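Q:
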Amino acid sequence: MSQELTEDQRAIREMALGFAADALEPKAVEWDEKKHFPVDVLREAAALGMAGIYVAEDVGGSALSRLDAVLIFEALAQGCPTVSAYLSIHNMAASMIDRFGNEEQRQSWLPKLCTMEYLASYCLTEAGAGSDAAALKTRAVLDGDHYVVNGAKQFISGAGASHLYVTMVRTGGDGPGGISTLVIPADSPGLSFGANERKMGWNAQPTRAVLFDDVRVPVANRLGNEGDGFKFAMAGLDGGRINIGACSLGGAQAALDKAVRYMGERKAFNRSLDQFQALQFRVADMATELEAARSLLYRAASKLDAKAPDATTFCAMAKRFATDTGYSVADAALQLHGGYGYLADYGIEKIVRDLRVHQILEGTNEIMRLIVSRSVFSEGNRS
Ligand SMILES: Cc1cc2nc3c(=O)[nH]c(=O)nc-3n(C[C@H](O)[C@H](O)[C@H](O)COP(=O)(O)OP(=O)(O)OC[C@H]3O[C@@H](n4cnc5c(N)ncnc54)[C@H](O)[C@@H]3O)c2cc1C
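Quick note on numbering: the sequence shown equals residues 2 to 384 in the numbering used here.
(1) Taking all protein chains shown into account, do 16 or more other C-beta atoms lie within 10 angstroms of the C-beta of K259, making it buried, or fewer, making it exposed?
(2) Please report the Cβ distance between A78 and G251, rounded to the nearest whole angstrom; I am assuming they are in contact, meaning their Cβ atoms lie under 8 Å.
(3) Compute the Euclidean distance between the alpha carbons of I368 and R375, then round it to the nearest angstrom.
(4) What three-state label does DSSP hand L224 in the structure shown?
(5) In the DSSP assignment, find the unbroken alpha helix (DSSP H) run with T116 in it and report its ends.
(6) Have a look at L297 and D41 and give me their C-alpha separation to the nearest angstrom.
(7) Have a look at F315 and R140 and give me their C-alpha separation to the nearest angstrom.
(8) Suppose the cutoff is 6 Å on Cβ atoms and the five residues either side in sequence are ignored; what does the same chain contact list for Q155 look like?
(9) Examine the Cβ distances between the region 354-370 and the region 239-253 and report whether three or more of them are shorter than 8 Å.
(10) Using only the heavy atoms of ligand 1, determine whether one of them is closer than 7 Å to the beta carbon of Y123.
(11) Where does P190 sit, in a helix, a strand or coil, going by DSSP?
(12) Let me check understanding here. Comparing Cα to Cα, which of G339, K308, E31 and K200 lies closest to L68?
(13) Classify M2 as buried or exposed, calling it buried when 16 or more other Cβ atoms lie within 10 Å of its own Cβ.
(14) Relative to the C-alpha of S122, which candidate in A52, K200, V216 and D229 has its C-alpha closest?
(15) Does the region 164-182 come into contact with the region 224-231, if we say contact requires no fewer than three beta-carbon pairs (one atom in each stretch) closer than 8 Å?
(16) Looking at ligand 1, does it come within less than 7 Å of T324, judged from the CB to the closest heavy atom?
(17) List the endpoints of the continuous beta strand (DSSP E) containing G152.
(18) Are the region 107-115 and the region 340-349 touching, with three or more C-beta to C-beta distances below 8 Å?
(19) Report the partner residues of T182 according to the DSSP bridge assignment.
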């Protein structure tokens, strides 16, 4: 462990590891092959308190810390990074309602989100607005006590299966100040979905476009004030980013563990692979790099818990480092399996495919560098 965990944190981690080993890992390869989104299993995770991890207790949440959440997502990802990652997005959407919603909104949506009777999606990206999210064009025009929403969101995780869409829309002028957040129910007339995208990994959860054609959304479904939406979206992503980093660490740890076991069994040149020092050293580097990433990730989570002024920078550093490290460790674990690593049955190539997208979503790793470099070159740091 990178830092001493409390007894409670160790218990939370053990609970999530047990769930990953029993409910996720045995099915993960099959779900990937069949493109099956295991909603029933997600509801089992919710029953253990993992769907509203940092949501307040009065609405059914677990009221845990960001560090606790990172421990949970890392542990779940040891069983299946894709399921863990969807759960992290659901948690991000739920926590935005908890933090920024009014009492009526919290009481009406969060109890169902915490049991996963309702699933949630986070809708920011559009075809013409990915990294430059503040350029989004989906428009919400006021009409009495409703907004009329038109536009399309691209790449939405859980779309089609989710019941609530926490959606960033333009209610005002250009730029971040013109953006608001609406919670849009799936059964709203005029809301529809694109086809489930065919993709390299993350096959155990759907990714679709969400299309809005004159969708009428009550003004009562707006979180906070008009113009607050971009701020809320970015606040959600701070936590989302370390959660995705945790999913990379968990997946990579599982790949490393598989490689170590395999190296003890596989023989070449009359020796098991774990007798070759070059390979032992490779494994030593993989373990060291993962531990370094884990330390940074836990530090970023602690900064977020403490509401430290540099928490956003640390979340960006940790997301970039944990997702790059996780991918390279998983890829190295595949290499240690030789040709067998390339076969689906060994479960390694799936981890590599799943972890690749973590370098792209919740802000690409180039955008993470942008956030970090802005902080490094800021006025305060130059003096
Ligand atoms: C499987 C999957 C699931 C997703 N789920 C969701 C979801 O649930 N909700 C949601 O809102 N979005 C989701 N996304 C979208 C994801 O967040 C975006 O794909 C991501 O933010 C990048 O945007 P883009 O694809 O438009 O790439 P672009 O913004 O077009 O970027 C293309 C390349 O240019 C680089 N680049 C762009 N600007 C700069 C710059 N200023 N400096 C340096 N490099 C730059 C990028 O890093 C990237 O390498 C998902 C994506 C995928 C693939």
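C-beta: ideal position from N, C-alpha, C; glycine also. A quick note: this is a predicted structure, and the numbers were derived from the prediction, not measured.
A: According to the data block:
(1) buried
(2) 3 Å
(3) 10 Å
(4) strand
(5) E104 to T116
(6) 33 Å
(7) 33 Å
(8) T126, E127, A128 and A210
(9) yes
(10) yes
(11) coil
(12) K308
(13) No answer about M2 holds up, because its pLDDT of 45 lies below 50 and its placement is not dependable.
(14) A52
(15) yes
(16) no
(17) H147 to S158
(18) no
(19) M169 and L224
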